[in-house]
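Student: Note that this note's numbering numbers the sequence shown so that position 296 is 296, with each residue one more than the last. So that we are looking at the same thing, I have put the structure below in structure tokens.
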Amino acid sequence: MQPVVKKYSLPSLIILILVLFSSCSKSPDHSKVPGVIISHSPASSGRYIGSPSITVLPNGDYVASHDFFGPQANHKVSPISLIFTSNDRGKSWQQIAEIEPLFWGKLFVHNDALYLIGTRHEYGDVLIRRSEDGGRTWTTPDSPETGILKTGPYHCAPCRILIHNGRIWRSFELAEGERPEWSALVISASVDADLLDAASWTFSEPYQHLWSESQWIEGDVNLTPDGKLVNILRTNRQGDDRAAITFVAEDGLSLTHDREKDIIDMPGGGVKFTIRFDEKSGLYWSIASKQTDPKAYRNSLVLISSPDLRQWKVESPLLFHADSEKHAWQYIDWLFDGDDIIFASRTAFDDGLGGAHRAHDANYLTFHRIVNFRTREPALMD
């Protein structure tokens, strides 16, 4: 039997060649993405962008970071974090370092040094690294004296660092059992201590809340108007847009919670958030992925404020997309910058390559600036 040879007309053959060429040479299209692109990882790579973090160096340069998760990211064994810098106030960014391992990392500056604190891998040891050159080179955590702060199954996110009463504070969760069984805790160290030395750090007793049947994670350590130290946690399964307040004992060794009054309504309370107090306005501010009114996943980003950490209101919409399946701005990390707010976002958006795998599995790290945040008109950003 002779093989069947399919014949094409010349126009059809030209079209076929063009289609094949296009599929082989397709490049990303970033033109629709709001903000400034810091990093891009297409869904086809199997490495999704997570854990956005941003800080400002003493010389005024911005530094941002993210990690990877997903089927090709190896985040359960030896995750990678990337470090970027900008010397033009966020208008352009360059990658300056790749770190392995570190996951869920938060950047912060202390005593002119840059730090990145997180875990060894998903549900791993607590690690911290230090850079003396703006993020280009980093210490290696290979002992309790060089950055291994605690062994165990810990969970966190790029949650804020607070300095209070001469100590540095932040939150973690002990990830034992199912998510509703995880315990909330805070850690702290003297501002004068060697932050790479595990002996410098105090871990509170884990606070368990089995009665809630909900996960409380990614806590924001803050101060109430009357000076009490609190850890405000994202909640799930207790209704959308709600958060839980826990109070930290003065010695930092325990947390308490009042079931009757310490679950609060907060736009975006079901997604990781960062809260900061602004002395000029006398208000607490946050950037939140609001999930109600209208119903949303992480496709509605808003600027919110509160006089007391309990009563919250939406000041302005920031970013919105009608599709919640493959579009999102989430896990916002942000800072005041004069009269502006700067923030980094784990962003899922169109890239000309099919977009994000799904809204949760972001394909971008993006930078944004809210100009004159206290007085801006309530309108979407560009």
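Glycine included, every Cβ here is placed at the ideal spot set by N, Cα and C.
Between L223 and the rest of its own chain, which residues show a CB-CB distance below 8 Å, the 5 nearest in sequence each way excluded?
Tutor: Hits under 8 Å: L162, H164, L229, V230, F277.
Student: Across which residues does DSSP place L335 in a beta bridge pair?
Tutor: According to DSSP, which records beta bridges pairwise, L335 is partnered with I342.
Student: So does the stretch 251-260 actually touch the stretch 190-207, counting three or more Cβ pairs closer than 8 Å?
Tutor: Taking 8 Å as the limit for Cβ pairs, the verdict is that the stretch 190-207 does touch the stretch 251-260.
Student: From the beta carbon of L380, is the nearest beta carbon of chain B less than 8 Å away?
Tutor: The displayed structure is made up of one protein chain only, and chain B is not part of it.
Student: Identify, in the order they occur along the chain, each residue of the same chain with its Cβ nearer than 6 Å to the Cβ of T55, setting aside the five sequence neighbours on each side.
Tutor: Counting only Cβ-Cβ distances below 6 Å, and skipping sequence neighbours, we find V63, L107, F108, V109.
Student: What is the residue span of the beta strand (DSSP E) that K313 lies within?
Tutor: 313-320 is the extent of the beta strand (DSSP E) around K313.
Student: Buried or exposed: which applies to K326, given that a residue is buried once 16 or more other Cβ atoms fall within 10 Å of its Cβ?
Tutor: It counts as buried.
Student: Give the DSSP bridge partners of S131, in chain order.
Tutor: L114.
Student: In this structure, how does DSSP classify W329 when only helix, strand and coil are distinguished?
Tutor: Residue state, collapsed to three classes: strand.
Student: If we count the other Cβ atoms within 10 Å of its Cβ and call it buried at 16 or more, is V371 buried or exposed?
Tutor: Exposed.
Student: Run the CB neighbour count on E279, radius 10 Å, all protein chains shown included, and call it buried at 16 or more, exposed below.
Tutor: Answer is exposed; the Cβ neighbour count stays below 16.
Student: Excluding five sequence neighbours on each side, which residues of the same chain lie with their C-beta closer than 7 Å to the C-beta of G135?
Tutor: Correct list, in chain order: V63, I83, T85, I96, A97, L114.
Student: Taking C-alpha atoms, which residue in A344, R358, H357, G354 lies nearest to W93?
Tutor: Comparing Cα-Cα distances from W93 to each of A344, R358, H357, G354, the minimum goes to A344.
Student: Among S212, H368, S281, which has the Cα closest to the Cα of P307?
Tutor: Looking at the Cα atoms, S281 is the closest of the given residues.
Student: Is it buried or exposed, R298, if we count other Cβ atoms within 10 angstroms and call 16 or more buried?
Tutor: Classification for R298: buried.
Student: Just the C-alpha distance for S214 and P153, rounded to the nearest angstrom, thanks.
Tutor: Using only the alpha carbons, I get a separation of about 19 Å.
Student: Are T347 and W329 touching if we call contact CB-CB under 8 Å?
Tutor: For T347 and W329, yes; Cβs fall inside 8 Å.
Student: Can you tell me whether S27 is buried or exposed, with buried defined as 16 or more other CB within 10 angstroms of its CB?
Tutor: So S27 counts as exposed.
Student: Near A244, what residues of its chain come up, given a Cβ to Cβ distance below 6 Å and the 5 sequence neighbours on each side ignored?
Tutor: These residues qualify, in order along the chain: W216, L233, T235, I263.
Student: According to DSSP, simplified to helix, strand and coil, what is L210?
Tutor: If DSSP states are grouped into helix, strand and coil, L210 belongs with the helices.
Student: Under the rule that 16 or more other beta-carbon atoms within 10 Å means buried, what is L210, buried or exposed?
Tutor: L210 comes out exposed.
Student: Taking the beta strand (DSSP E) that Y48 falls in, what are its first and last residues?
Tutor: Unbroken beta strand (DSSP E) run through Y48: 48-56.
Student: Suppose contacts are defined by Cβ-Cβ distances below 8 Å. Is K155 in contact with A175 by that definition?
Tutor: Note on identity: in this sequence residue 155 is His, with Lys being the wrong assignment. The answer is yes: Cβ separation under 8 Å.
Student: Put A199 into one of helix, strand or coil per three-state DSSP.
Tutor: Of the three classes helix, strand and coil, the one that applies to A199 here is helix, per DSSP.
Student: Candidates Q291, A249, S171, N59: which alpha carbon is nearest E132's?
Tutor: Ranking the options by Cα distance to E132, first place goes to N59.
Student: Thinking just about the alpha-carbon of each residue, which of A249, G227, G219, P225 is nearest to the one in R242?
Tutor: Ranking the options by Cα distance to R242, first place goes to G219.
Student: Which same chain residues, not among the five before or five after E377, have their C-beta less than 7 Å away from its C-beta?
Tutor: Cβ within range, chain order: n/a, list empty.
Student: For R374, which residues in the same chain have their Cβ closer than 8 Å to its Cβ, ignoring the five residues on either side in sequence?
Tutor: If we look at R374 and ignore the five residues flanking it on each side, its Cβ neighbours are D278, K280, S281, D339.
Student: Between G121 and V77, how many whole angstroms is the CB-CB distance? I'm expecting something under 8 Å.
Tutor: Note on residue identity: the sequence assigns His, not Gly, to residue 121. About 6 Å; that satisfies the 8 Å criterion.
Student: What's the gap between the Cα of P144 and the Cα of L319?
Tutor: Near 43 Å, if we compare the C-alpha coordinates of L319 and P144.
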